[in-house]
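If you read the sequences in order, they're chains A and B. Mind the numbering: the first sequence is residues 1 to 269 in the UniProt record's numbering, read in order. Mind the numbering: the second sequence is residues 1 to 172 in the UniProt record's numbering, read in order.
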Amino acid sequence: MVEEGKLASDPDHLDDLTILRLTQEIKDVEASKNPLVGDFKPISVLLSEYKDATFRNKIKALGGGNAGYRPVRGDGNCAWRAFAFRYFELLSKLSKEEIEATSNGLQARTSLLDEAGYSDTGYIDFVEETFNLFQKLPDMTPEQVVTEFNNAEVSSAIIVHFRLLAAAYIKTHADDYIPFIDQGEGADIGEYCNRNIEAFSVEADHLALSALVNSMITVDLGVVYMDRSAGDEAVVHKFSPVESSAEGRPPSLKIDLLYRPGHYDIFYK
Amino acid sequence: MYKSQNSRNNTAVRRLMTEYKQLINEAPDGISAGPIDEDNFFEWECLIQGPEDTPFEGGVFPATLTFPKDYPLSPPTMKFTCEIFHPNVYKDGTVCISILHAPGDDPNMYESASERWSPIQSVEKILISVMSMLAEPNDESGANIDACKVWRNDRAEYNRIVKSNVRKTLGL
Numbered sequence: 001m002v003e004e005g006k007l008a009s010d011p012d013h014l015d016d017l018t019i020l021r022l023t024q025e026i027k028d029v030e031a032s033k034n035p036l037v038g039d040f041k042p043i044s045v046l047l048s049e050y051k052d053a054t055f056r057n058k059i060k061a062l063g064g065g066n067a068g069y070r071p072v073r074g075d076g077n078c079a080w081r082a083f084a085f086r087y088f089e090l091l092s093k094l095s096k097e098e099i100e101a102t103s104n105g106l107q108a109r110t111s112l113l114d115e116a117g118y119s120d121t122g123y124i125d126f127v128e129e130t131f132n133l134f135q136k137l138p139d140m141t142p143e144q145v146v147t148e149f150n151n152a153e154v155s156s157a158i159i160v161h162f163r164l165l166a167a168a169y170i171k172t173h174a175d176d177y178i179p180f181i182d183q184g185e186g187a188d189i190g191e192y193c194n195r196n197i198e199a200f201s202v203e204a205d206h207l208a209l210s211a212l213v214n215s216m217i218t219v220d221l222g223v224v225y226m227d228r229s230a231g232d233e234a235v236v237h238k239f240s241p242v243e244s245s246a247e248g249r250p251p252s253l254k255i256d257l258l259y260r261p262g263h264y265d266i267f268y269k
Numbered sequence: 001m002y003k004s005q006n007s008r009n010n011t012a013v014r015r016l017m018t019e020y021k022q023l024i025n026e027a028p029d030g031i032s033a034g035p036i037d038e039d040n041f042f043e044w045e046c047l048i049q050g051p052e053d054t055p056f057e058g059g060v061f062p063a064t065l066t067f068p069k070d071y072p073l074s075p076p077t078m079k080f081t082c083e084i085f086h087p088n089v090y091k092d093g094t095v096c097i098s099i100l101h102a103p104g105d106d107p108n109m110y111e112s113a114s115e116r117w118s119p120i121q122s123v124e125k126i127l128i129s130v131m132s133m134l135a136e137p138n139d140e141s142g143a144n145i146d147a148c149k150v151w152r153n154d155r156a157e158y159n160r161i162v163k164s165n166v167r168k169t170l171g172l
């Protein structure tokens with residue numbers, strides 16, 4: 001480790017902070033080449049990206065017709081942004097009453113954040129952004145939802161809200177999650193949530209997605225795993241909430257994500 | 001109608017104003033912080049009292065906090081503007097503790113037990129962490145190697161240097 005900050009300009013003696021900063025700048029420049037939420041693309045576009053037979057067979061098995069995907073920027077928030085965007089895109093096609101019922105249901109879940117011990121100063125700005133969008137949603141087209149999500153300030157705030165809901169669900173249901181978190185060194189739920197969920201730009205893992213679905217109640221999530229594992233069809237991991245909304249009100253939304261190692265996009269059947 | 005607005009840092013300014021108000025009303029003991037100029041909420045000055053029963057006791061240490069435009073998604077940086085001899089403070093005054101780094105963006109990755117930055121942290125939590133860092137250096141994550149060595153090998157000398165800096169910050 002080099003101790004003198006002033007050596008930072010000498011490429012042979014970069015200090016740790018400078019290396020981190022430069023690495024982050026490179027990642028940011030690469031990430032910013034793509035929109036936060038891109039345009040819908042048919043499956044044939046995905047197929048054209050692969051020569052490998054395993055991938056091609058799995059992609060072909062995803063179905064033709066209207067199937068496709070929508071790329072999301074790979075900035076560490078892709079699963080969260082993909083989920084949040086698709087949530088609002090699906091909602092934008094529902095009636096005003098259904099949107100309102102969903103909004104009220106989600107509003108009630110804000111109590112999870114208090115139960116988890118978050119201060120409202122910490123979460124209020126993010127939660128408000130979500131419900132601002134809910135208010136505008138009945139008059140919005142799905143295209144306008146795309147525009148809205150490409151405003152970093154809006155979609156990042158909604159992502160933080162959803163991250164906090166998922167983390168709060170884990171913290172308030174610790175007994176259900178500890179067995180998956182304990183790595184033999186003693187499980188610390190707070191530390192796990194701090195490192196893996198609450199922090200912005202950290203990729204969602206399996207637990208995070210499970211907790212997100214449980215915290216939202218009205219979403220069934222499917223993740224299509226497009227990897228090199230054996231088989232002619234991609235494995236689909238399904239996440240359904242433990243609790244379900246009474247009598248289908250608000251309606252359940254079906255969100256599908258396309259996972260390729262290290263990255264999530266939105267999948268359309 | 002819903003055309004994307006350019007990012008105007010509304011979230012950051014709103015949050016910083018809220019935190020500033022809370023710190024005015026109920027700052028923890030030994031800590032004060034606020035914008036240097038109320039026209040620019042992204043540059044703060046703070047004062048930290050040296051914790052009792054440590055060689056920093058009696059000192060008041062000024063530092064600046066510089067907030068990124070996407071605060072609180074990313075953490076601020078903190079830099080002491082006085083002389084500080086401490087294992088976790090670079091010689092230029094930059095503070096190196098885990099709460100000032102997001103996970104995966106942390107030069108002290110092996111330092112496992114402490115909290116990382118996330119959008120629900122706050123200026124108050126940073127300053128409290130820095131106060132306890134003054135009291136208990138973490139010698140696994142050295143920012144100032146000389147201070148690390150002296151702290152580990154010659155505690156009397158470490159105390160002497162720290163106390164002499166304390167006198168300097170008081171203008172003695």
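We put the beta carbon where it would ideally sit given N, CA and C, even for glycine.
Asked	Found
Along the chain, where does the alpha helix (DSSP H) that runs through K254 (chain A) open and close?	Premise fails: K254 (chain A) lies in the beta strand (DSSP E), L253 to R260, not in any alpha helix (DSSP H).
Scan the segment 47-126 of chain A and note each continuous beta strand (DSSP E) run of 3 residues or more that stays entirely inside, going in chain order.	68-70
Taking 8 Å as the CB-CB limit, is H192 (chain A) close to chain B?	What sits at residue 192 (chain A) in the sequence shown is Tyr, not His. Judged by the 8 Å Cβ criterion, Y192 (chain A) is not in contact with chain B.
Count the other CB atoms within 10 Å of the CB of Q121 (chain B); is the residue buried (16 or more) or exposed (fewer)?	buried
Taking Cβ to Cβ, would you say L258 (chain A) is nearer than 8 Å to M216 (chain A)?	no
Which runs of the alpha helix (DSSP H), 4 residues or longer, sit entirely within the segment 186-228 of chain A?	189-193 and 206-216
Measuring straight from C-alpha to C-alpha, what distance separates S155 (chain A) and R81 (chain A)?	7 Å
Start and end of the alpha helix (DSSP H) containing V37 (chain A)?	Unbroken run through V37 (chain A): none, as it is neither H nor E.
Going by DSSP, which residues form a beta bridge with C46 (chain B)?	B:A33 and B:A63
State the beta-bridge partners of N40 (chain B) as determined by DSSP.	B:D37
Determine, using beta carbons only, whether W117 (chain B) comes closer than 8 Å to chain A.	yes
In three-state DSSP terms, what is I145 (chain B)?	helix
What does Y22 (chain B) touch in chain A if you count any residue whose Cβ is under 8 Å from its own?	The sequence given here places Gln at residue 22 (chain B); Tyr does not occur at that position. Within 8 Å Cβ-Cβ: T121.
Is the Cβ of A67 (chain A) closer than 8 Å to any Cβ of chain B?	no
Quick check on DSSP: helix, strand or coil for Y90 (chain B)?	coil
Would you please state the rounded distance, in angstroms, between the beta carbons of A135 (chain B) and R116 (chain B)? I believe it to be under 8 Å.	The Cβ separation is near 20 Å, so there is no contact.
Could you pull the start and end residues of the alpha helix (DSSP H) that V123 (chain B) belongs to?	V123 to A135
So which of B:I36, B:C82 and B:S141 has the shortest CA-CA distance to T66 (chain B)?	B:I36
What residues in the segment 11-38 of chain A bring their beta carbon closer than 7 Å to a beta carbon of chain B?	D16, L17, L20 and Q24
Closest Cβ-Cβ distance between A199 (chain A) and chain B: below 8 Å?	yes
Would you report the Cα separation of H161 (chain A) and Y169 (chain A), rounded to the nearest angstrom?	12 Å
Which residues of chain B have a Cβ atom closer than 7 Å to the Cβ of S44 (chain A), listed in chain order?	Per Cβ cutoff of 7 Å: no residues; S44 (chain A) is ~29 Å from chain B at best.
Can you tell me whether DSSP reads V242 (chain A) as helix, strand or coil?	coil
Would you mind stating whether S103 (chain A) and F134 (chain A) have Cβ atoms separated by less than 8 Å?	yes
Based on Cα-Cα distance, which residue from A:P138, A:T54 and A:L94 lies nearest to S229 (chain A)?	A:T54
Specify whether the segment 132-151 of chain B and the segment 13-25 of chain B touch according to this definition: at least 3 beta carbon pairs, one from each stretch, less than 8 Å apart.	no
According to DSSP, simplified to helix, strand and coil, what is V13 (chain B)?	helix
So H161 (chain A) is in the alpha helix (DSSP H); what residue range does that whole segment cover?	A152 to T172
Does any residue of chain B bring its CB to less than 8 Å from the CB of D125 (chain A)?	yes
Given that A27 (chain B) touches chain D, what residues does it touch there, using C-beta distances under 8 Å?	The displayed structure is made up of protein chains A and B, and chain D is not among them.
With I161 (chain B) as the anchor, note down where its alpha helix (DSSP H) starts and where it stops.	R155 to T169
Under the rule that 16 or more other beta-carbon atoms within 10 Å means buried, what is D52 (chain A), buried or exposed?	exposed
Compare the C-beta of E49 (chain A) against all C-beta atoms of chain B and say whether one is closer than 8 Å.	no
Once you ignore the five residues that flank A79 (chain A) on each side, which residues in its own chain have a CB closer than 6 Å to its CB?	A204 and Y264
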